[in-house]
Structure formats: structure tokens, C-alpha cells
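Asks:
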Amino acid sequence: MSYRGISLTSELVISQLFSLHYFEYMNSFYFPGESHPFWEFVCVDKGDVTIGAGKRSFSLTRGQIAFHEPNEFHWVKAGGKTAPCLIVVSFSSPSPLMEFFRGKILHITEPDRRLLAQIVQEARGFLTGRLDDPYQTSLSVRPDAPAGAAQIIRTCLEQFLIGLFRRYTSEGCKTRWETRDQPFQEKEPEPSFSVPEKTTKENADEDTFEKISQYLSINLTSHLTIDRICSDNLIGRSRLQKLFHERCGQGVIEYYSYMKVEAAKQMIRDEQMNFTQIAEALGYSSIHYFSRQFKKLAGMTPSEYASSIRAISERPPLYMQHTGRRGSRF
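Remember, the working numbering sits 1270 above the position in the sequence shown when you count from 1.
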């Protein structure tokens, strides 16, 4: 039997990577701007920002991504309401397909977020230095970088861009994107992928997990116990603990404590309350207990966090890495 192979062509290729950052800004942050001979995109994971593109400015909110073409002067300023989280990637690509992204502001979907999450996770083990340094202009590779890390970053980035291109240029796609001449009008496009069927138990577990997660979020100002969580959500203690260990690798109280600390980080970056007010707002019995819990989970005191803002250089908790959870952050 004779075989004949085919060559696998590449319609979009990333040739060089110049920066890869994930920032948690203070809500007063301002980057005065720059221009460079390669592409860059900024994607909002949380909060809102104002960006400058050429002589115009635009407001971006969670889930929006803006592209800056080569040699375009651009700047970014925190929106001033909610302290934002941004991923910024700059790269070169000789591919004609990149022309599509010129002047575009698009929406990302959950599969897009997963690709960006994988890029950030690989970058932590591949690059030296911090991912939250907006002034870093030179990348260097760790001597102990995992095998294939550079290739994974490149292929995920290419897949991410190709996915956006396909979704916004597919026949019959009614979603409109924002350009420099036309404001965004339509809602975020639905993901163009098929979801595998789940068993009844998996669906039930996921619904229960989401329900209790929302309950915990609503009650961040309280001091919840396992007994109260079980009582308010009509679930047994053993099933509750098993569900959270299976879903996020930790118990429900540990999960709840981490949610409180994440909320505290956001409040610190919003700069609207002092530490005592934050502790009271989140239901801590004292500022000292709040500080101990914060340092235990964040690896630094609230004061150290406020001055360094190295949040994304921290390893994310397991529940944020869980790709099956809807709406999880990367």
C-alpha cells in the first residue's frame, strides 16, 4: 500500500515574542505610552481601562481585547472605578491574516480565556523575571524551562488569534466588532464550539458547586462555618467537602478564605478603604486576624501587597485553574 502525505501549511505564524505580561493595576495607574514595530494586544480580564490608539481613546471592559498595529502609538490608563487586570502580549507576525486585526476591538469567549490562561501558565515556567512588570522590555528564558514551553506559548497564541479570526469572519456571523470608525453595537458572540454531553451527576455536581460558590460570594461579609453552609444549602457535610476537594483541590472553608483574600486584594487596589475598613467589610473579627489570614494566603502582608502589587506572580489557587468552572479567571 502506497501512502502520500500532505504538507501542513501555516496561515498565521508568530515569529517573535517581545512581551508577555499579566498586570493587576492600581485604579490610579497610568502608562504614558509608546510605539514599536510589532503587534500588541491588551485584553481586560477584570475591571475597566481607557486605552489610546493613535489620536483616539477607547474604554475597554472585561472580556474585550484591543489590537495595536505596528508603529501605532498607544497608552493605557486604569478606568478609575474598579482596579483592572490586564494581559498584554506583543509579538511579530509576517502573516497577511494579521491585517484583519488592524484597528479592531473584539470580545473573547471562555475557550479564548483558557488559551490565554495556558499561555500565562507556560510563561511562568519559561521566562525569568515577573509577569507583572509593565516596564520590562527584554525577555529571557529560564535555564530550567520545561521542554516545549516556547512552542506551547507560540501555538496557543496562534490558535487564539486564528479562533478570533474564524469567529468574526465566518459566514453568517452577525456579530459586529468595534473599529476606529464604528462603535461596538452587538453583544458578545457565542462560542463556536460543541460542548460534550455530561452525565446527570456531573451536571448536578456542577450546578451545586456553582450555587454554593455564589452563596459564598454573596456572604463574603459574614463569618461562615461548615455547619451553616450545609444548613443554608441543604447539603450534607461529607458531600460538601468531597465536592469542593474534587472541584478545586481544597475544602470549602479554605476556598471561602481565599475568596475573602481575593476580595481584599481588589479593595486594596481600588484604594477606597483602609485596611481596618476592609477587614470590617469582609467580616474579620479584627485587623490582626485579617492581616494573618492575608499573609497566609497571599504570601505578603496587606501593606506589602499594596506597595508591590505582584499578584499575578503568585501561583493561582487550584480553583482558578479548574477549566471546568464557568467564568473562572486565568
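Glycine residues also receive a C-beta, built at the ideal position from the N, C-alpha and C atoms.
1) Is the segment 1419-1438 close to the segment 1278-1295, with three or more CB pairs under 8 Å?
2) Using 8 Å for Cβ pairs, my map puts K1347 next to V1314. What's the rounded Cβ distance?
3) For E1294, which beta-bridge partners are listed by DSSP?
4) Any chance the segment 1388-1400 sits against the segment 1329-1340, with 3 or more Cβ pairs inside 8 Å?
5) If you scan the segment 1479-1512 from start to end, which runs of the alpha helix (DSSP H) of 4 or more residues do you find wholly inside it?
6) Starting from Q1334, trace the beta strand (DSSP E) in both directions and tell me its first and last residue.
7) Go through its chain and collect everything with a Cβ distance to P1364's Cβ below 8 Å, but skip five positions before and after it.
8) Measure the alpha-carbon distance for A1474 versus K1481 and round it to whole angstroms.
9) Please confirm whether G1324 and E1342 have their CB atoms less than 8 Å apart.
10) Where do the ends of the beta strand (DSSP E) carrying P1302 lie?
11) Give me the Cα-Cα distance between F1301 and Y1405, rounded to the nearest whole angstrom.
12) Let me make sure I understand the geometry here. Which of H1306, M1570, E1541 has the alpha-carbon closest to that of T1407?
13) Taking 8 Å as the cut-off, decide whether the C-beta atoms of W1345 and G1322 are in contact.
14) If you draw a straight line from the C-alpha of P1366 to the C-alpha of L1434, how long is it?
15) In angstroms with no decimal places, state the Cα-to-Cα distance between G1333 and L1431.
16) Please state the DSSP three-state secondary structure of R1436.
17) How would you write the range of the beta strand (DSSP E) that S1329 sits in, first residue to last?
18) Which residue from F1370, E1339, Q1547 puts its Cα closest to that of V1359?
Replies: In short:
1) By the C-beta criterion, the segment 1419-1438 is judged to be in contact with the segment 1278-1295, since at least 3 inter-stretch pairs fall below 8 Å.
2) Rounded, the Cβ-Cβ distance is 13 Å, inconsistent with contact.
3) Note: E1294 sits in a beta bridge opposite C1355.
4) no
5) Counting only runs of 4+ residues, the alpha helix (DSSP H) found wholly inside the segment 1479-1512 occupies 1496-1503, in chain order.
6) 1334-1338
7) V1283, S1285
8) 10 Å
9) yes
10) P1302 -> beta strand (DSSP E) spans 1300-1304.
11) 9 Å
12) H1306
13) yes
14) 15 Å
15) 15 Å
16) helix
17) 1326-1331
18) E1339
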